[in-house]
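Chemist: Just passing along the structure, written as structure tokens.
Residue numbers (our numbering): 1 to 228.
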């Protein structure tokens, strides 16, 4: 009896259509000139459905794609990469993960399709994509270095100009202070000279008066002492 019920239940479940769904949990990406980077995390709940993504990639770009089964290390993973005009279209597979590294042959929207046989539940899949054009990256690095060198040169020149201005300002201020000190010394010396000249003149006048007085006194005639 129980075996009959179990067989009927299994037959009923096997006759139901398979549910196919794609849930994207997260997507982080960059697109900066010759560099492209994307990390897509999604769930697969289908046995045979193929899920495709599109990324615009330049020609002669170095392309790296890695697809990993996060919670299914024994699941067989399949990856197909197709260029815009199908000049390049190949399948890659692996157990638990698929890894591809190569150079693109066309420019435009590249198709990346992923599939895996999921027997039950959901399979968490992580896809990492990175592409770059080597020459453009080198040029970007050179421009960055040249820009930094230019900024460093400008900074050095500004610092040098500031130092020169600072030095000139304090040199002028020191010279001005020296001039003021010399002027003050000259004023003081002039005052001393004027004072000494005045004292010397006064002494000469006093000496002359005394001399005249003494001479006149010496030659003064005292009539009371003259006897006739």
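Glycine included, each C-beta is placed from N, C-alpha and C at the ideal position.
1. Given 8 angstroms as the limit, is there contact between the stretch 82-92 and the stretch 121-131, that is, 3 or more CB pairs closer than that?
2. Relative to the C-alpha of residue 62, which residue among 157, 44, 135, 215 is closest?
3. Buried or exposed: residue 42, going by 16 or more other Cβ atoms within 10 Å of its Cβ?
4. Work out the CA separation of residue 72 and residue 111 for me, nearest whole Å.
5. Per the DSSP calculation, residue 98 is bridged to which residue(s)?
6. According to DSSP, is residue 133 part of a helix, a strand, or is it coil?
7. Which residues in the same chain as residue 26 place their Cβ atom closer than 8 angstroms to its Cβ, once the five residues preceding and following it in sequence are excluded?
8. Could you give the first and the last residue of the continuous beta strand (DSSP E) run that contains residue 104?
9. What three-state label does DSSP hand residue 202 in the structure shown?
10. Might you give, ordered along the chain, the residues of its own chain that have their beta carbon closer than 6 angstroms to the beta carbon of residue 80, omitting 5 neighbours on each side?
11. Can you list, in chain order, the residues of its chain with a C-beta nearer than 6 angstroms to that of residue 124? Leave out the 5 residues immediately preceding and following it.
12. Could you please give the first and the last residue of the uninterrupted beta strand (DSSP E) stretch that includes residue 77?
13. Using 8 angstroms as the threshold, is the C-beta distance between residue 138 and residue 107 below it?
14. Using the DSSP secondary-structure output, state which residues sit across from residue 111 in a beta bridge.
15. Per the DSSP calculation, residue 124 is bridged to which residue(s)?
16. According to DSSP, simplified to helix, strand and coil, what is residue 49?
17. When burial is assigned at 16 or more other CB atoms within 10 Å of the CB, is residue 167 buried or exposed?
Modeler: With the given structure in hand:
1. no
2. Residue numbering aside, residue 62 sits at position 62 when the chain shown is read from its first letter. Residue 62 has its Cα closest to that of 135, out of 157, 44, 135, 215.
3. One-based indexing of the chain shown puts residue 42 at position 42. Burial call: buried.
4. In the chain shown, residue 111 corresponds to position 111, counting from 1. In the chain shown, residue 72 corresponds to position 72, counting from 1. Computed Cα separation, rounded: 24 angstroms.
5. On the chain shown, position 98 is the one that residue 98 refers to. Beta-bridge annotation (DSSP): residue 98 is paired with 67.
6. Residue 133 sits at position 133 when you count from the first residue of the chain shown. Note: residue 133 maps to coil in three-state DSSP.
7. As a working mapping, residue 26 is identified with position 26 in the chain shown. Low local confidence applies: a pLDDT of 47 at residue 26 is under 50, so the model's placement there is unreliable, with the coordinate-based value given in what follows. Only 39, 40, 41 meet the Cβ criterion.
8. To locate residue 104, count along the chain shown from 1; it is residue 104. That residue, residue 104, is in no beta strand (DSSP E); it is neither H nor E in DSSP.
9. One-based indexing of the chain shown puts residue 202 at position 202. Reduced to three states, the DSSP call for residue 202 is helix.
10. Numbered from its first residue, the chain shown carries residue 80 at position 80. Excluding residues within five positions, the ones whose Cβ falls inside 6 angstroms are 91, 113.
11. For this step, residue 124 is matched to residue 124 along the chain shown. These residues qualify, in order along the chain: 43, 70, 71.
12. Position 77 of the chain shown, counted from the first residue, corresponds to residue 77. Residues 76-82.
13. As a first step, residue 138 is located in the chain shown; it is residue number 138 there, counting from the start. As a first step, residue 107 is located in the chain shown; it is residue number 107 there, counting from the start. Not in contact: residue 138 and residue 107 (Cβ atoms no closer than 8 angstroms).
14. By 1-based counting over the chain shown, the position of residue 111 is 111. Paired residue(s): 54, 82.
15. Numbered from its first residue, the chain shown carries residue 124 at position 124. Its beta-bridge partners are 43.
16. In the chain shown, the residue the question calls residue 49 occupies position 49. In this structure, residue 49 counts as coil in the three-state DSSP scheme.
17. Numbered from 1 along the chain shown, position 167 holds the residue referred to as residue 167. Exposed, because fewer than 16 other Cβ atoms sit within 10 Å of the Cβ of residue 167.
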